[in-house]
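Protein sequences, first through last, are from chains A and B. With this note's numbering, letter number 165 in the first sequence gets 171, and the count goes up by one each step, no holes. With this note's numbering, letter number 78 in the second sequence gets 501, and the count goes up by one each step, no holes.
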Amino acid sequence: MKPQENRVAWTMLLPALLLIALTVGYPLLRTLFLSFTDARLTALNLTPHGVGLQNYLGALQNPTFIASIGRTAYFVFVNITLELILGVLVALLLNQAFRGRAWVRALLIVPLALPTVVNAIMWRWIYNPEFGALNALLTQTGVLEAYRSWLSDPASAMNAIIVADVWKNYPIVALVALAALQVIPRELYEAANVDGANLWTQFWRVTWPGILPALMVVLVLRTIEAVKVFDIIYVMTRGGPADSSRTVSFDVYQEGISYLRSGSGAAYAFLVVAVTGVLIALYIGLLRRQERAV
Amino acid sequence: MKPTRVHLVQPPHIVARAKSNPTLWVRRSRFWPSFGVYLGVALFVIATLAPVVWLLLSSVSSTADLTRLPLKWLPSSLDFSRYADLLNPNGSGKEFISALRNSLTVALSSTLISLVVAIPAAYSFSRSSGRRGNLLYAVLATYMMPPVALVLPLYGLLAYLKLLNSPWGLILVYCTILIPFTTWLLKTNFDSVPQEIEESAMLDGLNRWGVLLRMVLPLSLPGLSTAAVWAILLAWDEFFYALIFTSSAQAKTLPVSIADFAAGRAVDYGLICAAGVLAALPPLLIGFLLQKGLMSGLTAGSVKG
Chain A
7 MKPQENRVAW TMLLPALLLI ALTVGYPLLR TLFLSFTDAR LTALNLTPHG
57 VGLQNYLGAL QNPTFIASIG RTAYFVFVNI TLELILGVLV ALLLNQAFRG
107 RAWVRALLIV PLALPTVVNA IMWRWIYNPE FGALNALLTQ TGVLEAYRSW
157 LSDPASAMNA IIVADVWKNY PIVALVALAA LQVIPRELYE AANVDGANLW
207 TQFWRVTWPG ILPALMVVLV LRTIEAVKVF DIIYVMTRGG PADSSRTVSF
257 DVYQEGISYL RSGSGAAYAF LVVAVTGVLI ALYIGLLRRQ ERAV
Chain B
424 MKPTRVHLVQ PPHIVARAKS NPTLWVRRSR FWPSFGVYLG VALFVIATLA
474 PVVWLLLSSV SSTADLTRLP LKWLPSSLDF SRYADLLNPN GSGKEFISAL
524 RNSLTVALSS TLISLVVAIP AAYSFSRSSG RRGNLLYAVL ATYMMPPVAL
574 VLPLYGLLAY LKLLNSPWGL ILVYCTILIP FTTWLLKTNF DSVPQEIEES
624 AMLDGLNRWG VLLRMVLPLS LPGLSTAAVW AILLAWDEFF YALIFTSSAQ
674 AKTLPVSIAD FAAGRAVDYG LICAAGVLAA LPPLLIGFLL QKGLMSGLTA
724 GSVKG
C-alpha cells in the first residue's frame, strides 16, 4: 500500500479507535489500577492509597464471592446446555417442510426482540406466588397441589431465572443452527441414504458436523454473555433469596458501588475480566479459524 | 387371482419428493412423521407465544380478574385504562413518557454517533490486511468486556465531566458497546462489496473518502440499516449502565423505569404488564418487520455458504 493510502486508512480508523480507547481502554486500565488501591466511589478522582494485592486476596478469601463464582458457573453451564439442546432441536424442527413455515420461523425473533427487563418482569409475573400463571396452570392441571413460591424459595430461584433466560436467548442458537442447516449440501444426505443410514446416523454424521462450526461460535458468544449476567437477576430477585441467585457481577456491583469500596470492587471486576478474557480469546480464535476456512 | 404389483423400488414421484427434502425421507407412511412435525411446531408456537400473550392479557384484565383464585384465564372484559394512564402526561404517565423520551434520545443519538465513527473504520478494516486486520479482533474483544470491569472508572469519568444523570453521559457510555459492534458488522458488510469498481474509480482520480461516500455506502444501504437497527435495539435494551449512571426521571431510560416500577409496592400487576408491553412494542415491531435483514447481517459472520 502506498504511504499515502496507508495514512488515509489510519485516518479512517482514528475516530473509532480514539473513542474506544476513551470508553473502554482507559476504564479497563483504570480498573486495574484501582484494584490495587483503597479507592472509594465518592472520591474516585482523588489519588488513592496503594494496598498491593490486598483487594485480590480479600476477594479470593471472601466466601460470598467464592459462592458466587460457583453459582455463576452453575448458571452458565445449565443455561448454555439448555440453549444448545433447544436451539438445535428447534432448528431441526423448523428445517422440515410444513405449511406456514415462514411465519413460524418468524416467531423466533419474538423472545429475542423482547427487552431483557420486560422479559424479567414478564416471568416474574408468571412466577408470582399468589396469582401467577405458572402456579395456576400447574394446580389446574393437577400437577401441583398448592401454589409455590418460585422466586422466594432458595432451592428454585436460580432455576426459575435460568428458564426465563433460556426462553429469551435460545432463539439465537436456533437461528444460527437453522442458517447452518440450510447450507449443508443435499448430496451428503442422499449419499447417506444410499448407504442405508438411519435418521440418527444421518444426524450424527452429516448434520452435526455441518452445524458445529457455526454453533461453536454462537455458544461461546452466549457463554460470554452468561458469565456477565446481571440484568435479569437484578430485576427478578435482586440476587436473593438468601443470595441463592447471586452471581459475580452482583458482587462487583455491591462491593464497588453499593458499599462504595471501589478499590475492592475493581479487584472483583478484574477477576471477572480474567475469566471473560479467556472466553473472548477462545471466541476470537474460533472466529478466525472460521474465516480462514472459507 | 392375479398377484398385485409389489413396489420394490419407490415410485418415481415419491423419490422426487423425498429428494427435494432430504431430512424428511420416509419410506411407507407419510402420516406419522408429518404428525410429529406438526405436533412439534404446535408446541413451539405455544411455548414461544404463551408468555407474551399472557403479558398482553394481564395488561388489559381488571385487577379483580387478575387476583381471582382460581385464576380465570380470559378477562371478563377488556380494560385499556392502564395504557391511557401510562401515556397520559399528567399523572402516572409523566415518568413513563419521560423515560420513553430518554430511551429514544439515547438510542438514536448513540447509534448516529457510533455509525459516523464506525463506517470509515469498518471500511478501513475491510480494505486492509495484515496488522490492521488484527486490530479489528481487538476491537471486537472490547465489545465483549463485562460492563462491571468498566463501570467504576466510567462512573468517575462521568462524575468528572459532570455527565452523571444526563442522557449525554449515557450516550457517551453506550459508545463502548455500539462502536465495536457496528464496526464489526459493517466490516463484514463492506467485505461483500466488490473492490474492482473502486480500483477503476481511483484510477480516475477519486480518493478513498470519495469511494467510500459515493460508491460503497450507496451499495451497502441494506447492511447499513441492519447495523443501525441492531444498534438501536442494543441501546434500547441496555440496563446496567443506565441503572448506575442515572438517578432521576431526567435521565432514566425505559428499562430502569420499568424495573423501578416493578420493584415498587404497586399491587397493580396489570399496570406493570402494560408498561412492559409498551416498552417491548418498538423492538418487537422492528424485529418482526426487519427480520430477514437483521438475521442475515448477524449470521453472515458465523455461517459461510
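C-beta atoms are modelled at their ideal positions from N, C-alpha and C, and glycine is treated no differently.
For the region 145-167 of chain A, the set of residues with a beta-carbon nearer than 8 Å to any beta-carbon of chain B comprises T145 and Q146, in chain order.
M128(A) places its beta carbon less than 8 Å from that of P474(B). Around the beta carbon of I72(A), a 10 Å sphere encloses fewer than 16 other beta carbons of the protein chains shown; the residue is thus reported as exposed.
Under the DSSP assignment, V179(A) falls in the alpha helix (DSSP H) whose first and last residues are A163 to L187. Your pair Y597(B) and A658(B) checks out as a contact, with CB atoms roughly 5 Å apart and the cut at 8 Å.
Taking C-beta atoms under 8 Å as the contact rule, G687(B) and L478(B) fail to qualify, at a distance of about 18 Å. In this structure the region 610-618 of chain B does not touch the region 42-56 of chain A; the number of beta carbon pairs closer than 8 Å is below three. Secondary structure remark: continuous alpha helix (DSSP H) runs of at least 4 residues inside the region 469-542 of chain B, in chain order: 486-489 and 504-509. Taking C-beta atoms as the reference points, I594(B) and V529(B) count as a pair closer than 8 Å. Rounded to whole angstroms, A287(A) and G93(A) show a C-alpha spacing of 24 Å. Counting every other CB atom within 10 Å of its CB across the protein chains shown gives Q10(A) a total below 16, marking it as exposed.
DSSP places T48(A) within a helical segment (H, G or I) once states are collapsed to three.
The Cβ-Cβ distance between T606(B) and A545(B) falls below 8 Å.
For S500(B), the CB contacts under 8 Å within the same chain, skipping 5 residues up- and downstream, are S485 in chain order.
DSSP places P617(B) outside any alpha helix (DSSP H), giving it a letter other than H or E. Within chain A, no residue has its beta carbon less than 8 Å from that of M638(B); the closest one is some 15 Å off. When C-beta distances to chain A are compared with 8 Å, the residues of the region 701-712 of chain B below that value are A702, A703, P706, L707, I709, G710 and F711, in chain order.
Residue range W214 to V233 is occupied by the alpha helix (DSSP H) that includes V226(A). For the pair of segments examined, the region 140-152 of chain A was found not to touch the region 94-108 of chain A: the number of CB pairs separated by less than 8 Å stays below three. Neighbours of V483(B) in chain A, taken as residues whose beta carbon is under 7 Å from its own, are absent, since the nearest beta carbon is some 14 Å off.
Close CB contacts of I681(B) within its chain, under the 7 Å cut and outside five residues either way in sequence, are with A698, G699 and A702 (chain order). With contact defined as three or more Cβ pairs closer than 8 Å, the region 268-279 of chain A and the region 198-208 of chain A are not in contact. Q102(A) sits away from V639(B), with the two beta carbons spaced by 8 Å or more.
In terms of beta-carbon proximity, Y62(A) stays away from the interface with chain B, with every pair separated by 8 Å or more. Bridge partners of G56(A) according to DSSP: T43(A). Residue burial annotation: P191(A) is exposed, with fewer than 16 other C-beta atoms found within 10 angstroms of its C-beta.
In the structure shown, T253(A) adopts coil according to DSSP, grouped into three states.
The alpha carbon of A152(A) has as its nearest neighbour, out of L586(B), F467(B) and L492(B), the alpha carbon of L492(B). For W210(A), there are no neighbours in chain B by C-beta distance under 8 Å, as the nearest C-beta there is about 14 Å away. In this structure, A170(A) and N125(A) form a Cβ contact; the two beta carbons are roughly 6 Å apart against a cut-off of 8 Å. Residue A522(B) holds the alpha-carbon nearest to the alpha-carbon of L666(B) among T490(B), A522(B), Q714(B) and A487(B). Counting every other CB atom within 10 Å of its CB across the protein chains shown gives E136(A) a total below 16, marking it as exposed. Distance between L626(B) and N557(B), taken at the CA atoms: about 28 Å. Looking at the backbone, the Cα of Q60(A) and that of V574(B) are separated by about 21 Å. Each of Y664(B), V483(B) and L497(B) was checked against the Cα of S589(B), and the nearest Cα belongs to Y664(B).
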